[in-house]
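With our numbering, the residue at position 179 of the sequence shown is 235, and numbering never jumps. We treat Cβ as the ideally placed atom computed from N, Cα and C, and that holds for glycine. To start, the structure itself, in structure tokens.
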Amino acid sequence: MFLEILIILITTYTIWHASNILGRETENLGNKYNIPSSVKGATLDAVGSSFPEFCTVIFCLYAGSFEAGLGAVAGSALYNILIIPSLCVIFTNKSMNVEKKVVYRDGIIYILTIIFLILMIYFGSPNPTNIEQKFINKSSGSVFILLYILYLVFLIFESKNSDSKINRTLNNQSLIKIIFFITLSMIIIAISVHFLVDNSLKLFTTLGLSKTAIGVIILAAITSLPDTFLSIISAKRGDADAAISNALGSNTFDILICLGLPIVYFNGIYINWNESFILLIYLLISSIVSMILISSNWRLSKIEAKAMLAIYIIFFIYIIIQ
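Below you can see the structure in the form of structure tokens.
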């Protein structure tokens, strides 16, 4: 048990450090070519912050536990939408003003993504030998990816039609150097996540936690660290929109790409509908409540932040005791 705990701690630190490097270099790549902020956020920034979740789903599938992978993605989404905005308010010790576009664009698209995921699982083919399992086929995974591509096209057209021009200082760093550090950090993250998933499943299964609970509580919190630090830094700079948008954009990427690509790669997967339904419905309701709180006077107050924190704690307790 001590060895598993030690490996989890080491891999957590390694993932955090490598994710910071990956995020920094994807930021440099975007600035180098002056990519519009909305497009950069949905592509480069999303890859930088969500690559640990993607690796988690892949290795959970190899370990025969897609429930843990889905739990990590859904748990990370809950963490991003409830904990990160709350921590931004707490660490800055002030309310955050949020533009309507963040809710109307990122928030609504994200909520629709959750609904689509629920419907995909609900209408999946039942497993003849286990009625609790539904099969999500390769075509469904392809639709996930297609939807994200359409989302990117929408962002590109929106950035072209925007009246405001974003002028950033171009990055003169060598492209080869940027690509080298992006590749190196992704390799380090992938190796670290492999050991993290393997040892987390060993340790917490022994302690009696379900694989879904392991994904939701342990893997989700660890893989969400990059988003947490990125959003808190944005909030401290006074850029609340970036803090909220980073969380929402990362969640959309997690569901459509971090789940879509593995489903295609593995030619479809079976998933436990009973466990997934409760998790995804809670995610949907929490996301809607969060958007309502954020859109209240278009600012997130300390009281609202504490309410969002309480929603997450309730979910945390439910997962532990179920």
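Item	Value
Beta strand (DSSP E) segment containing isoleucine 187, residue limits	186-192
Three-state class that DSSP yields for asparagine 149 in the structure shown	coil
Own chain partners of serine 196 with C-beta closer than 7 Å, once the 5 adjacent residues on each side are dropped	Met176, Ile319
Three CB pairs or more closer than 8 Å across the segment 131-150 and the segment 356-374	yes
Phenylalanine 130 versus leucine 336: straight-line alpha-carbon distance, rounded	This sequence places alanine at residue 130; phenylalanine is not what is there. Rounded to the nearest angstrom, the two C-alpha atoms are 7 Å apart.
Element boundaries [alpha helix (DSSP H), containing leucine 325]	The identity of residue 325 in the sequence shown is isoleucine, whereas the question assumes leucine. From DSSP, isoleucine 325 is part of no alpha helix (DSSP H) but of the beta strand (DSSP E) over 325-328.
Beta-carbon proximity of asparagine 193 to glycine 324, cut-off 9 Å	yes
Whole-Å CB distance - isoleucine 278 paired with threonine 68, under 8 Å assumed	5 Å
Completely contained alpha helix (DSSP H) runs for the segment 235-280, where each covers 4 or more residues	276-279
8 Å contact criterion, which phenylalanine 237 and glutamate 81 should meet: CB distance rounded	5 Å
Continuous alpha helix (DSSP H) stretch holding proline 182: start and end	Segment 181-183 is the beta strand (DSSP E) holding proline 182; no alpha helix (DSSP H) there.
The alpha helix (DSSP H) enclosing asparagine 136, as first and last residue numbers	Looking at the DSSP string, asparagine 136 is not in any alpha helix (DSSP H), and its letter there is neither H nor E.
Spatial neighbours of threonine 112 in its chain, beta-carbon cut-off 7 Å, leaving aside the 5 residues before and after	Gly125, Ala128, Val249, Val253, Leu275, Thr279
Residue environment, asparagine 136, which counts as buried when at least 16 other CB atoms sit within 10 Å	buried
According to DSSP, residues forming a beta bridge with leucine 356	Met152
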